[in-house]
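Numbering (the numbering used here), first residue to last: 3 to 367.
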């Protein structure tokens with residue numbers, strides 16, 4: 003698990019929110035933006051869930067959500083809780099009793115959907131049980147469930163963003179009546195622009211921490227792009243206290259994408275950043291395998307250093323002046339530089355090894 007105290011001094015001014023805790027992970031306030039994912043196996047298969055939890059933790063996931071579609075899943079959560087100290091979120095949509103049983107099974111947070119769980123007496127029971135357990139609730143709005151509840155109603159909001167923001171705002175009143183402050187809010191849609199707008203609208207209405215994400219964003223080839231655009235926009239505006247990159251694929255790929263988004267904005271540190279040129283007709287050698295080898299060899303390195311791999315003198319130390327170390331390819335050798343200054347020549351066949359060795363030595367300084 004990443005060190006949550008290790009946050010960059012980004013130029014981004016984050017939205018001021020109250021703070022809640024999901025197990026040992028703080029959300030909101032001045033806490034670093036945390037990374038979430040969700041197990042993608044049957045929750046009743048306890049061993050399979052625990053294997054996936056271990057994989058997610060090893061990749062750097064900090065909060066893990068489990069689907070609770072029935073009572074057997076809620077009961078399985080109790081056994082999972084005994085065998086891991088990972089922060090666990092129970093994902094409940096239709097049946098408030100599953101939320102109650104998940105709280106009793108040791109969930110660190112409950113997610114409920116305001117488009118599906120609508121009876122006030124049932125919602126109040128969940129709120130009171132969560133308050134007694136000392137855990138937060140996420141009001142997790144999805145566009146599909148919200149619009150489903152508005153069909154046929156007069157004076158419905160004209161777009162998805164307004165519908166989600168209004169539904170959550172109305173839902174909040176019940177929690178305020180119950181004096182329940184430990185809330186996290188999300189407003190997700192598959193549409194990037196509607197999602198961004200919904201969060202912007204809600205940001206003006208409350209100071210609760212936000213869980214941000216683009217729901218059902220698709221396979222990694224497309225979903226990573228949608229998530230980077232939507233979440234990047236929100237994060238640059240200071241909106242977002244925890245995030246999930248939702249992909250149709252392995253959950254660890256979600257964590258990798260989330261880490262890269264946060265690191266690209268200097269909001270968190272997870273390891274090396276590789277700066278490499280796209281290559282063109284000026285490239286003095288085969289750059290792609292060099293970059294791939296460096297990336298693979300340093301994948302486990304946690305030191306937040308910048309490494310530049312440039313194909314010619316145009317994209318050499320000048321454009322990569324901010325890198326800690328790097329190389330620029332020449333006609334028969336590469337020029338190795340540190341902090342923008344050339345320090346030695348390196349044989350073409352040794353470029354990746356030299357960069358990896360130097361990066362590892364910086365780790366030990």
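Don't be surprised by glycine CBs; every beta carbon is placed ideally from N, CA and C.
* To do: Check whether the region 237-253 touches the region 275-295, counting contact only when three or more Cβ pairs, one atom from each stretch, lie closer than 8 Å.
  => no
* Could you name the residues of the same chain whose beta carbon sits closer than 6 Å to that of residue 299, not counting the 5 residues immediately before and after it, in chain order? => 358
* Asked: Buried or exposed: which applies to residue 157, given that a residue is buried once 16 or more other Cβ atoms fall within 10 Å of its Cβ?
  -> For residue 157, the predicted structure reports a pLDDT of 47, less than 50, and the residue's modelled location is therefore unreliable. A value from the coordinates is still provided. With fewer than 16 other Cβ atoms within 10 Å, it is exposed.
* Can you tell me which of 331, 272, 294 and 333 puts its alpha carbon nearest to the alpha carbon of residue 305? => 272
* Pairing CB atoms from the region 109-121 with CB atoms from the region 131-145, are three or more of them under 8 Å? -> yes
* Between the C-alpha atoms of residue 309 and residue 13, what's the straight-line distance to the nearest angstrom? -> 22 Å
* **Neighbourhood of residue 124 by C-beta, 6 Å cutoff - its chain only, sequence neighbours within 5 removed** => 98
* To do: Since I believe residue 67 is in contact with residue 43 (beta carbons under 8 Å), could you give me their beta-carbon distance rounded to a whole number of angstroms?
  => Their Cβ separation, rounded to whole angstroms, is 13 Å, which puts residue 43 and residue 67 out of contact at 8 Å.
* To do: Express the C-alpha separation of residue 50 and residue 81 in angstroms, rounding to a whole number.
  => CA-CA distance, residue 81 to residue 50, rounds to 12 Å.
* Asked: Beta carbon of residue 83, beta carbon of residue 108: below 8 Å?
  -> yes
* **Alpha-carbon spacing of residue 58 relative to residue 258, whole angstroms** => 10 Å
* Asked: Do you know how far the Cα of residue 76 is from the Cα of residue 34?
  -> 30 Å
* Asked: In three-state terms, what does DSSP make of residue 442?
  -> The shown model of the chain, from 3 to 367, leaves out residue 442, and the question about it has no answer.
* Rounded to whole angstroms, what's the CA-CA distance from residue 173 to residue 187? Just pull it up for me. => CA-to-CA, the gap between residue 173 and residue 187 works out to about 11 Å.
* Report yes if the CB atom of residue 129 is closer than 8 Å to the CB atom of residue 182, and no otherwise. => In this structure, residue 129 places its C-beta atom within 8 Å of the C-beta atom of residue 182.
* Could you spell out where the alpha helix (DSSP H) holding residue 49 opens and where it closes? => 48-61
* Asked: Could you give the residue range of the beta strand (DSSP E) that holds residue 308?
  -> 308-312
* Confirm the yes/no value for this check: CB of residue 26, any heavy atom of the ligand MN, distance under 7 Å. => This structure lacks the ligand MN; in fact it carries no ligand of any kind.
* **Three-state class that DSSP yields for residue 9 in the structure shown** => Any reading at residue 9 is ruled out, since the residue's pLDDT is 46, under 50, leaving its predicted position unreliable.
* Asked: Tell me, which residues are paired with residue 170 by DSSP?
  -> The partner list for residue 170 (beta bridge, DSSP) is empty, contrary to what the question assumes.
* Nearest-angstrom Cα distance between residue 236 and residue 184? -> C-alpha separation (whole angstroms): 22 Å.
* Asked: Would you say residue 147 and residue 162 are within 8 Å of each other, going by their C-beta atoms?
  -> no
* Are the CB atoms of residue 215 and residue 190 nearer to each other than 8 Å? -> yes
* Reducing DSSP to helix, strand and coil, say where residue 235 ends up. => Helix, per DSSP.
* Under the rule that 16 or more other beta-carbon atoms within 10 Å means buried, what is residue 360, buried or exposed? -> buried
* In the DSSP assignment, find the unbroken beta strand (DSSP E) run with residue 205 in it and report its ends. => Here residue 205 belongs to no beta strand (DSSP E); instead the alpha helix (DSSP H) covers 194-205.
* Asked: Considering residue 266, what are the terminal residues of the alpha helix (DSSP H) in which it resides?
  -> 253-266
* For the beta strand (DSSP E) that contains residue 122, what are its first and last residues? -> Careful: residue 122 lies outside any beta strand (DSSP E), inside the alpha helix (DSSP H) at 122-135.
* **Endpoints, beta strand (DSSP E) assigned at residue 93** => 90-93
* Would you please state the rounded distance, in angstroms, between the beta carbons of residue 218 and residue 167? I believe it to be under 8 Å. => In fact, because the Cβ distance is near 19 Å, the residues do not count as touching under 8 Å.
* Whole angstroms is fine: what's the gap from residue 135's alpha carbon to residue 212's? => Taking the straight line from one Cα to the other gives about 22 Å.
* To do: Figure out for me which residue from 334, 284, 263 and 104 has the closest Cα to the Cα of residue 70.
  => With distances taken between Cα atoms, residue 70 lies closest to 104.
* Segment limits, beta strand (DSSP E) that includes residue 38 -> 36-40
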